[in-house]
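Position 156 of the sequence shown, counting from 1, maps to 232 under the working numbering, and the rest follow consecutively.
Using N, Cα and C, we set each Cβ at its ideal position, and we do this for glycine too.
Below you'll find the structure, written out as structure tokens, and then a few comments.
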Amino acid sequence: DPNLRATPQILRWADSSAEDCYAEFEKHVERLIERDEETKHYLGRAAEIAVRLATIRSVGRCGPYGEGPMVDRGDVEWGRDIALICGARMAEDARGFIADTDRQRWANKILRVIRQKQEARPRDIQRALRCALKSADVQDHLRNLEEAGLISPVKGELRGRLATIAYRYRGASS
Numbered sequence: 077d078p079n080l081r082a083t084p085q086i087l088r089w090a091d092s093s094a095e096d097c098y099a100e101f102e103k104h105v106e107r108l109i110e111r112d113e114e115t116k117h118y119l120g121r122a123a124e125i126a127v128r129l130a131t132i133r134s135v136g137r138c139g140p141y142g143e144g145p146m147v148d149r150g151d152v153e154w155g156r157d158i159a160l161i162c163g164a165r166m167a168e169d170a171r172g173f174i175a176d177t178d179r180q181r182w183a184n185k186i187l188r189v190i191r192q193k194q195e196a197r198p199r200d201i202q203r204a205l206r207c208a209l210k211s212a213d214v215q216d217h218l219r220n221l222e223e224a225g226l227i228s229p230v231k232g233e234l235r236g237r238l239a240t241i242a243y244r245y246r247g248a249s250s
């Protein structure tokens with residue numbers, strides 16, 4: 077019915093610690109964005125999302141009747157954790173796909189191959205790229221990714237001597 081007007085139910089904070097937890101999270105998100113402006117698109121609404129999740133959890137836990145649900149610190153912490161994990165993951169994953177230059181695009185593709193396989197040999201990378209880059213260019217990208225702390229070499233025996241035989245994903249550098 078388009079004429080139906082629902083009366084919103086305003087949920088109260090259970091106590092000041094729940095409200096304080098929310099305010100602390102807002103400040104934390106602001107600091108994260110100040111440190112890395114690119115995360116604004118992924119974390120900018122994290123506090124709002126956290127309080128929505130906390131509200132949903134509170135209603136699910138208490139039900140809509142009687143005194144009515146109140147958002148407690150546990151609800152806020154739960155919503156905060158989910159919102160932060162999801163926002164941070166989206167920001168990290170986006171970095172793996174968004175690039176300003178061809179060089180960054182190739183580095184991102186190589187990094188995705190290593191991340192998906194968890195451990196990849198140069199031969200695996202060449203196959204995944206369908207030999208679109210010369211081996212020397214792949215090696216150059218691998219050196220740069222290693223210097224950036226995004227991958228680490230896996231040592232093993234190659235032709236009777238210790239050498240790098242593969243690369244393992246390490247995650248985003250801090």
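query = How about Ala242 and Arg197: are their beta carbons less than 7 Å apart?
reply = Indexing the sequence shown from 1 puts residue 242 at position 166. Indexing the sequence shown from 1 puts residue 197 at position 121. Against a cut-off of 7 Å, the Cβ pair of Arg197 and Ala242 comes out as a contact.
key: Integer Cβ distance of Leu119 from Val105, believed to fall under 8 Å   = For this step, residue 119 is matched to residue 43 along the sequence shown. For this step, residue 105 is matched to residue 29 along the sequence shown. The pair is a contact, with the Cβ atoms about 5 Å apart (cut-off 8 Å).
message = Just verifying my parser: in three-state terms, what is the DSSP assignment at Thr240?
response = Taking the first residue of the sequence shown as position 1, residue 240 is located at position 164. If DSSP states are grouped into helix, strand and coil, Thr240 belongs with the strands.
message = If you measure between the beta carbons of Arg149 and Ala94, is that distance less than 7 Å?
response = Working through the sequence shown from its first residue, we reach residue 149 at position 73. Working through the sequence shown from its first residue, we reach residue 94 at position 18. Contact: yes.
key: Ile125 to Leu221 span [Cα, whole Å]   = Looking up residue 125 in the sequence shown gives position 49. Looking up residue 221 in the sequence shown gives position 145. Looking at the two C-alpha atoms, the distance is approximately 34 Å.
task = Using alpha carbons as the reference points, say which of Ser228, Arg246, Asp112 and Gly247 lies closest to Ala239.
result = One-based indexing of the sequence shown puts residue 239 at position 163. Ala239 has its Cα closest to that of Ser228, out of Ser228, Arg246, Asp112 and Gly247.
ask   = Going along the chain, which residues of its own chain have a beta-carbon closer than 7 Å to the beta-carbon of Thr115, five neighbours each way excluded?
value = By 1-based counting over the sequence shown, the position of residue 115 is 39. Correct list, in chain order: Leu108, Ile109 and Ala167.
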